[in-house]
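Notes for the one structure printed next.
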Amino acid sequence: MDDDLYAADVPQLSPFSRMPHELLLYVARQLSVADLGALRLASQHISSILRVLLARKEFVGVPWRDNAARLDALSRWPECAAQIQRVRICSRAVYEDEELLAWTSGGSAGPASLEAALWPTIAVARRLRAHPEEKRIVPLRADLLYEALCRLPKLEELTLMWERFPFLSRADLGLDAELLNSGGGDDDADSELRRQLAYTTGGWQVEMLVDLAADMQPLRALKMAPFALDAMDQASYLPLIANLFNSLVHLDLQLTTDAQRADPSILSKLEDVLESAWVLRELRLDLDDRGEDGERTRHHHHQHDDFLPKTHLANLQSLTLVRAHVASLRDLAAFLQRHSRTLRSLELCDVRGGWPGTDGAAASWEDVFRTARGGLLKLERARLRGYFADHAREIDFWVDGGEKEDEEEVEGEEKEGNGSRHGEGENGEGTSLAPEMMSGVDPEPLERYLMRLGEFPTLEWRDVHV
Numbered sequence: 001m002d003d004d005l006y007a008a009d010v011p012q013l014s015p016f017s018r019m020p021h022e023l024l025l026y027v028a029r030q031l032s033v034a035d036l037g038a039l040r041l042a043s044q045h046i047s048s049i050l051r052v053l054l055a056r057k058e059f060v061g062v063p064w065r066d067n068a069a070r071l072d073a074l075s076r077w078p079e080c081a082a083q084i085q086r087v088r089i090c091s092r093a094v095y096e097d098e099e100l101l102a103w104t105s106g107g108s109a110g111p112a113s114l115e116a117a118l119w120p121t122i123a124v125a126r127r128l129r130a131h132p133e134e135k136r137i138v139p140l141r142a143d144l145l146y147e148a149l150c151r152l153p154k155l156e157e158l159t160l161m162w163e164r165f166p167f168l169s170r171a172d173l174g175l176d177a178e179l180l181n182s183g184g185g186d187d188d189a190d191s192e193l194r195r196q197l198a199y200t201t202g203g204w205q206v207e208m209l210v211d212l213a214a215d216m217q218p219l220r221a222l223k224m225a226p227f228a229l230d231a232m233d234q235a236s237y238l239p240l241i242a243n244l245f246n247s248l249v250h251l252d253l254q255l256t257t258d259a260q261r262a263d264p265s266i267l268s269k270l271e272d273v274l275e276s277a278w279v280l281r282e283l284r285l286d287l288d289d290r291g292e293d294g295e296r297t298r299h300h301h302h303q304h305d306d307f308l309p310k311t312h313l314a315n316l317q318s319l320t321l322v323r324a325h326v327a328s329l330r331d332l333a334a335f336l337q338r339h340s341r342t343l344r345s346l347e348l349c350d351v352r353g354g355w356p357g358t359d360g361a362a363a364s365w366e367d368v369f370r371t372a373r374g375g376l377l378k379l380e381r382a383r384l385r386g387y388f389a390d391h392a393r394e395i396d397f398w399v400d401g402g403e404k405e406d407e408e409e410v411e412g413e414e415k416e417g418n419g420s421r422h423g424e425g426e427n428g429e430g431t432s433l434a435p436e437m438m439s440g441v442d443p444e445p446l447e448r449y450l451m452r453l454g455e456f457p458t459l460e461w462r463d464v465h466v
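UniProt numbering numbers the first residue of the sequence shown as 1 and each following residue consecutively.
Structure (structure tokens):
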């Protein structure tokens, strides 16, 4: 839809109110009071219909548009606000000066290969040369977004996605020079300066979620990618956002690798969040936002915390675990066993258990698979994809049919215009398969085994070399 219709200053669409003053006086002189009143009512009716046409059930925000202003403008029309049930926004920035920084070639500030990181494929780069507006970085203004979301009476699903770049602070990005030069020298100014230099998208999320938990109507579905749990104090902030999770049926969270490294208590915080999700039926956790961009992560990130040892979601029917490093596969098996009475769908993608060189008596993936087969009696859907490893062995699962399904889903999202376009994944990452991933073990026999439709297959494991 044309951006003009989403501008912050959406004009009055009533034909009567848009008439020039002289013409309005002329019409008033020609009509009786009753006819003039009827004309005004008809004009308002036309305006109301036009406003409804501006909005759909799903509001989709792409990174190169001012999404907060667009949604704020629509939410101010009651007819438009009543239409919107799902809001999905992908953003790149929370700073007003990031656009200039990010696309200045040869600049010393910020990552030198930022553009290459955001736009990884040649085809995408070629398209961006033809459509340079898609390279814009538009700040996602918290005040407008918060007010707009609270004005949507039928809102059920909220998706907020950021690319990794804005999770750096201003100092990390090289935006500190101007702030340092403008400092006043007094203590209050220095304190505010330090706050601005340390401010990240994580801080933005904390403030936004606290406000939404207090004022927004209950949601059925929430997706945050990445979710800045590391920026939230377990004692003070987490209780304030608990209300946001009480009503959720579907929850999709991504935790960055850097956050898990920096905050040893992050899985404990995640447990507190999940404890608030009383009626949750579908849970998706992505525990490594870096994915396949360069190296296997089993060697550089060891998660020593137990995997959600206290979490029990009484209504959980679907679990998706993506790019996770589980310290002990026994914890994962125990988690599945605790949900054996309700779990109907299980999807695992790129999950590592333990790490090379640990105790050889530790649980293996075969132990987990047999536990799932014996305990998950209601399992109707099983899906295994990508790289799996334990303390001693590793394996790659891949099948042509499954990858085709994923490609069709991505193509469908592109047609909807949700911002995951031109070969990008949800976080702006490329979705094309690496050549080495075109070969692997067919997971279908094992998936059938988990659903109690076949025998345990012979798997082509490889030894892990420490």
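Even glycine gets a Cβ: it sits at the ideal position worked out from N, Cα and C.
Every value quoted in this text rests on a predicted model; they were computed, and no experiment measured them.
Local Cβ density within 10 Å of residue i, reported as buried at 16 or more and exposed below that
{"i": "N67", "result": "buried"}
{"i": "G37", "result": "exposed"}
{"i": "Q217", "result": "exposed"}
{"i": "T297", "result": "Note that T297 scores a pLDDT of 46, beneath 50, so its modelled location is shaky; the value from the coordinates is reported in the next line. It counts as buried."}
{"i": "E380", "result": "exposed"}
{"i": "D463", "result": "exposed"}
{"i": "E460", "result": "exposed"}
{"i": "D272", "result": "buried"}
{"i": "S265", "result": "exposed"}
{"i": "L31", "result": "exposed"}
{"i": "S108", "result": "Only weak support exists for where S108 lies, its pLDDT of 36 falling under 50; the coordinates are left without a value."}
{"i": "A262", "result": "exposed"}
{"i": "L274", "result": "buried"}
{"i": "K378", "result": "exposed"}
{"i": "V279", "result": "exposed"}
{"i": "P226", "result": "buried"}
{"i": "S91", "result": "buried"}
{"i": "F245", "result": "buried"}
{"i": "K404", "result": "With a pLDDT of 44 at K404, under the threshold of 50, the predicted position of this residue should be treated as unreliable, though the coordinate-derived value follows. It is exposed - the Cβ of K404 has fewer than 16 other Cβ atoms within 10 Å."}
{"i": "Y146", "result": "buried"}
{"i": "E288", "result": "Residue identity check: residue 288 is Asp in the sequence provided, not Glu. So D288 counts as buried."}
{"i": "R29", "result": "exposed"}
{"i": "R141", "result": "buried"}
Whole-angstrom distance between residue j and residue i, CA atom to CA atom
{"i": "R341", "j": "G454", "result": "21 Å"}
{"i": "R448", "j": "F369", "result": "11 Å"}
{"i": "G202", "j": "L229", "result": "8 Å"}
{"i": "G61", "j": "L24", "result": "38 Å"}
{"i": "residue 500", "j": "P132", "result": "The requested residue 500 does not occur in the structure, where the chain is confined to residues 1 to 466."}
{"i": "D390", "j": "L384", "result": "15 Å"}
{"i": "R281", "j": "A221", "result": "10 Å"}
{"i": "T159", "j": "R129", "result": "29 Å"}
{"i": "A55", "j": "W77", "result": "10 Å"}
{"i": "A363", "j": "L321", "result": "18 Å"}
{"i": "V33", "j": "P20", "result": "19 Å"}
{"i": "L336", "j": "A125", "result": "43 Å"}
{"i": "L433", "j": "R393", "result": "In this predicted model, L433 has a pLDDT of only 44, less than 50, meaning its place in the structure is not dependable enough to derive any value."}
{"i": "D35", "j": "E79", "result": "26 Å"}
{"i": "V326", "j": "M208", "result": "30 Å"}
{"i": "L329", "j": "F388", "result": "11 Å"}
{"i": "R65", "j": "G386", "result": "34 Å"}
{"i": "I137", "j": "V206", "result": "21 Å"}
{"i": "F307", "j": "P457", "result": "27 Å"}
{"i": "A235", "j": "A242", "result": "12 Å"}
{"i": "S43", "j": "A69", "result": "26 Å"}
{"i": "Q317", "j": "L343", "result": "4 Å"}
{"i": "residue 470", "j": "R127", "result": "Since the first and last residues shown for the chain are 1 and 466, residue 470 lies out of range."}
{"i": "G354", "j": "R151", "result": "47 Å"}
Host alpha helix (DSSP H) of residue i (start-end)
{"i": "D72", "result": "67 to 75"}
{"i": "M208", "result": "201 to 215"}
{"i": "E147", "result": "142 to 150"}
{"i": "V27", "result": "21 to 30"}
{"i": "L450", "result": "444 to 450"}
{"i": "A314", "result": "Note, A314: premise wrong, no alpha helix (DSSP H); not H, not E."}
{"i": "E79", "result": "78 to 81"}
Range of the contiguous beta strand (DSSP E) that encloses residue i
{"i": "R323", "result": "318 to 326"}
{"i": "V60", "result": "58 to 61"}
{"i": "L384", "result": "381 to 389"}
{"i": "W162", "result": "157 to 162"}
{"i": "I89", "result": "86 to 91"}
{"i": "D306", "result": "No beta strand (DSSP E) holds D306; DSSP gives it neither H nor E."}
{"i": "R393", "result": "393 to 397"}
Exercise for the section: Run through the stretch 328 to 379 for me and flag every whole alpha helix (DSSP H) of 4 or more residues, listed as ranges in chain order. Expected result: With a minimum length of 4 residues, the unbroken runs of alpha helix (DSSP H) contained wholly in the stretch 328 to 379 fall at 329 to 338, 365 to 375.
Exercise for the section: May I have a chain-ordered list of the beta strand (DSSP E) segments no shorter than 3 residues that lie completely inside the stretch 219 to 302? Expected result: Listed in chain order, the complete beta strand (DSSP E) runs (minimum 3 residues) inside the stretch 219 to 302 are 221 to 225, 250 to 254, 282 to 286.
Handout entry: contact_flag[the stretch 141 to 156, the stretch 69 to 88] where n(CB pairs < 8 Å) is 3 or more
Key = A contact exists between the stretch 141 to 156 and the stretch 69 to 88.
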